[in-house]
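Taken in sequence, the protein lines are chains A and B.
Numbering-wise, the first sequence is residues 148 to 515 according to our numbering.
Numbering-wise, the second sequence is residues 148 to 515 according to our numbering.
The beta-carbon is built from N, C-alpha and C at its ideal position, and this holds for glycine as well.
Worksheet for the structure shown next.
There are 2 protein chains.
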Amino acid sequence: MNKIAIVGTGQTKFSKENDDVEKILFESANTCIQSTKNCNSDDIEGVIVSTNNNSKYLGAILSETMGIQPKISHSIEHLCSSGTNAIISAYAYISAGLSDLILISGAESAINPGQILEWDKSRGDLEHPIYWGSMLTKLHKTKFQTTEEELAIVSAKNHKHAMDNPLAYSNEPRTVSEVMNSKQITDDLRILDCSRSCSGSSSILIASEEKAKNISEQPIWITGIGQKTTSASFTKNILEGIKSTRTAAESAYKMANIEPKSIDVAEVHDAFSVCELMAISELGIVTDDKSGEFVRDLFNTENRMINPRGGLIGAGHPLGATGISQTIEITHQLQGKSEKRQIPNIETGLIHNMSAAGTSSSVMVLKN
Amino acid sequence: MNKIAIVGTGQTKFSKENDDVEKILFESANTCIQSTKNCNSDDIEGVIVSTNNNSKYLGAILSETMGIQPKISHSIEHLCSSGTNAIISAYAYISAGLSDLILISGAESAINPGQILEWDKSRGDLEHPIYWGSMLTKLHKTKFQTTEEELAIVSAKNHKHAMDNPLAYSNEPRTVSEVMNSKQITDDLRILDCSRSCSGSSSILIASEEKAKNISEQPIWITGIGQKTTSASFTKNILEGIKSTRTAAESAYKMANIEPKSIDVAEVHDAFSVCELMAISELGIVTDDKSGEFVRDLFNTENRMINPRGGLIGAGHPLGATGISQTIEITHQLQGKSEKRQIPNIETGLIHNMSAAGTSSSVMVLKN
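Laid out in structure tokens, this is it:
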């Protein structure tokens, strides 16, 4: 297996604006290229766009606006995990020898068409993700005696982390009691338990080993990859946990030749508070019945191991950009560049990105 | 470089219906799997959908309807060359060792959102592809003394080939004189010079060398790949020919270690009659000023070397499926399975698929 690294990163401020995706794609891609030592447009052989936006030909459009004439160029869509799908696809092109340097840029405007999966008739009239978020929450409370306070801690913790992330959507601290008293939107969800769809763009450059050493003083290596799609419709999954995450994690750990206990920092897909608890269990970081307690300990000890940038709940969730921003955070953490939110002495990080009630998941392991 | 092969194919009849893409994706994918020796759903590790349709999560939806739980799954869009982009992406995953067997399925309904690139303001009010088709035609006539009859021959030839393709959109013979007397739609285009957007789906299975030998008695090997995007807007390209095709072809020939004269059969992207003439020149099959004469000779001698299934003009152009159907045709030709339209004694075939006035191109070389 060839060695492949992340060599550049760029992100816009996440916000509630309805930005043109073309404009913000350019903005994050430009920041990304400027973050490198000496990369110019001519070096870039691939431009992959990750989005749910209905605009067509965005790979070529971003290339033209950036002055790039790539070999490889297209858009990738897989709902909320479009971003990691695009990164892994770029990894494949480089590993296959079809390219040495690829720009991956994700973007979404606040109103985007990826929020409701109309095809999924198993949801009945309850199409919006809050309904599956609510059902998973009820189930978690019942099976593992998870308390409302533990769920609220996830949100309070991630809002707190986001305070130190200048590009996050949220910049307001939220106490556990504020979360627990926020507007109730279903039997088991309050508004502050939910990540918010928003506008934003993030870009990453990945390179072959030789190219990486020319472009970056601190390349971060992609050492593990796992992916799994178990279904598209929600009802096939609900009673079994997030099987796609478990399978994807097993593959990623095997490829990286590590155990879950090696993970020093993880960005996990907290679409709703309960998703963070489920994710850290399925990833093998903690057992199911201890996930609430685990997150409470992190919160009480100000340990930022899980979702240091604020997760989806604190940082916002521009679907096509999310997986890329998660990867940028882990890259910066491993480079020691995370400023106020830096976790000391770390070597191994993980990204967990999923779609549509966990019917598919991507997991990546990074090392410095 | 690992050896990678095409091991299964399936296609629906192309038509003017507004089929659900989910339905026709299933239809072609099912035919594709049934075309193999002994492949079942459990063997398939990737499901990549190629489309311009705005439905989301189609990779997961197709997987669920087919009973597949893949590792890799997402949609790819790059306008008219989405299909070859998806195949080449799958090639990369297999070559990288991330998968051994991937299903690539393309589909479009007749009314699809990929026909007009609204972003491209360089087209002014003349957004529809017929305007760039018309401008390229005028330019070809002026630069190379191409006659209206030579242009009409492209269409008459491809309509004739489509008569022997039971899955083609068109099943009417069109004489040169019929084409020349068909409805004039711009200064330089008549209705029968144009390919028609239509409904249709096509699927292909590609596999690693070891897997290929288990699944297919006649695997067809992908030996050359080239891709290039030069711009997104039309006006950057018009006076220079289709540079993206020339560059992509050079890469594909280099990778396959062949010269253009080795090509025995080619599917080229005849969005308009003039595109076939331009494509065979840029691919190095003939010089620019001889392309009209070359196609006339093919027509007069009933030589099916170029666009044996009828091209886009005869077979129809369901955007996301087109590149896959072109690849299926070359596969069948190299397997000797093309029935009435079989070209005898062939070893090397080429696929040329492009987008948006030739601003990007993919070229693949196949061998038996």
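Do you know how far the Cα of residue j is from the Cα of residue i?
i        : j        : result
A/Ser175 : A/Gly155 : 11 Å
B/Ile195 : B/Ile332 : 37 Å
B/Phe441 : B/Thr474 : 23 Å
B/Gly467 : A/Leu205 : 15 Å
A/Leu172 : B/Asp411 : 42 Å
A/Ala418 : B/Pro260 : 30 Å
A/Gln216 : A/Arg456 : 33 Å
A/Trp279 : A/Glu295 : 17 Å
A/Ile367 : A/Thr478 : 6 Å
B/Val512 : A/Ser256 : 39 Å
A/Glu449 : B/Ser222 : 40 Å
A/Lys307 : A/Val323 : 11 Å
A/Leu135 : A/Ala462 : There is simply no residue 135 of chain A to check, as chain A begins at 148 and stops at 515 in what is shown.
A/Asn187 : B/Gly431 : 31 Å
A/Arg321 : A/Ala303 : 5 Å
A/Asn318 : A/Cys341 : 15 Å
B/Ile353 : B/Ile153 : 4 Å
B/Ser409 : B/Asn454 : 16 Å
B/Thr370 : B/Ile405 : 10 Å
A/Ile471 : B/Leu424 : 42 Å
A/Asn500 : A/His275 : 19 Å
A/Ala170 : A/Pro465 : It should be noted that the sequence gives Lys, not Ala, for residue 170 of chain A. Going from the Cα of A/Lys170 to the Cα of A/Pro465 covers about 15 Å.
B/Asp267 : B/Ser281 : 17 Å
I'd like the list of long-range same chain contacts for residue i, defined as Cβ closer than 7 Å, with 5 residues on each side in sequence excluded.
i        : result
A/Lys330 : Arg337, Ile338
B/Ser269 : Ser380, Phe381, Thr382
A/Glu494 : Asp411, Lys514, Asn515
B/Asp311 : Lys487, Arg488
B/Pro407 : Tyr400, Leu430, Gly431, Ile432
A/Glu224 : Thr198, Asn199
A/Gly505 : Asn384, Ile389, Ser391, Thr392
B/Glu397 : Gly373
A/Ser428 : Thr434, Asp435, Ser438
A/Ile277 : Ile332, Thr333, Leu336, Cys341
Between which residues of its own chain and residue i is the CB-CB distance below 6 Å, once the five residues before and five after are set aside?
i        : result
B/Ser350 : Gly157, Ser175, Ala176, Cys179, Ser252
B/Ile258 : Asn165
A/Gln262 : Ser344
B/Thr394 : Lys375
B/Gly458 : Asn305, Asp417
B/Ala503 : Leu226, Leu264
A/Ser220 : Val194, Gly206, Ala207, Ser210
B/Glu476 : Glu414, Arg456
A/Ile460 : Ser302, Asn305, Ser342, Asp417
Is residue i near residue j, with beta carbons less than 7 Å apart?
i        : j        : result
A/Ser246 : A/Tyr238 : no
A/Ser197 : A/Ser346 : no
B/Val421 : B/Leu283 : yes
B/Lys218 : A/Leu226 : no
B/Thr159 : B/Ser348 : yes
A/Ala413 : A/Leu497 : yes
B/Val415 : B/Ala403 : no
B/Ser507 : B/Thr376 : yes
A/Ile362 : A/Thr212 : no
B/Ile300 : B/Arg443 : yes
B/Lys285 : B/Asp335 : yes
B/Val326 : B/Ala254 : no
A/Ile191 : A/Leu273 : no
Apart from the five residues just before and just after residue i, which ones in its own chain have a Cβ nearer than 8 Å to its Cβ?
i        : result
A/Asn201 : Pro260
B/Arg451 : His308, Val412, Leu445, Arg488, Ile490
A/Gly214 : Ser188
B/Glu357 : Asp247
>> Using a Cβ-Cβ cutoff of 7 Å, what residues of the segment 169-196 of chain A are near chain E? List them in chain order.
In response: Note that chain E does not occur in the displayed structure, where the protein chains are A and B.
>> Runs of 4 residues minimum, wholly inside the segment 359-425 of chain B: which ones carry the alpha helix (DSSP H) assignment?
In response: Qualifying alpha helix (DSSP H) stretches, in chain order: 390-403.
> Below 8 Å, can you find three or more Cβ-Cβ pairs linking the segment 389-398 of chain B to the segment 219-236 of chain A?
Replying inline: Verdict: no, contact absent.
> In the segment 217-246 of chain A, which residue ranges form an unbroken alpha helix (DSSP H) of at least 4 residues, counting only runs that do not cross its ends?
Replying inline: Listed in chain order, the complete alpha helix (DSSP H) runs (minimum 4 residues) inside the segment 217-246 of chain A are 229-242.
> Quick one: any contact between the segment 479-492 of chain B and the segment 425-442 of chain B, if contact means 3 or more CB pairs under 8 Å?
Replying inline: No: fewer than three Cβ pairs fall under 8 Å.
> Which runs of the alpha helix (DSSP H) spanning at least 4 residues fall entirely within the segment 249-307 of chain B, listed in chain order?
Replying inline: Runs found: 276-291.
> Enumerated in chain order, which unbroken segments of the alpha helix (DSSP H) with a length of 4 residues or greater are wholly contained in the segment 303-361 of chain A?
Replying inline: Taking only runs of at least 4 residues, the alpha helix (DSSP H) segments lying wholly in the segment 303-361 of chain A are 323-327.
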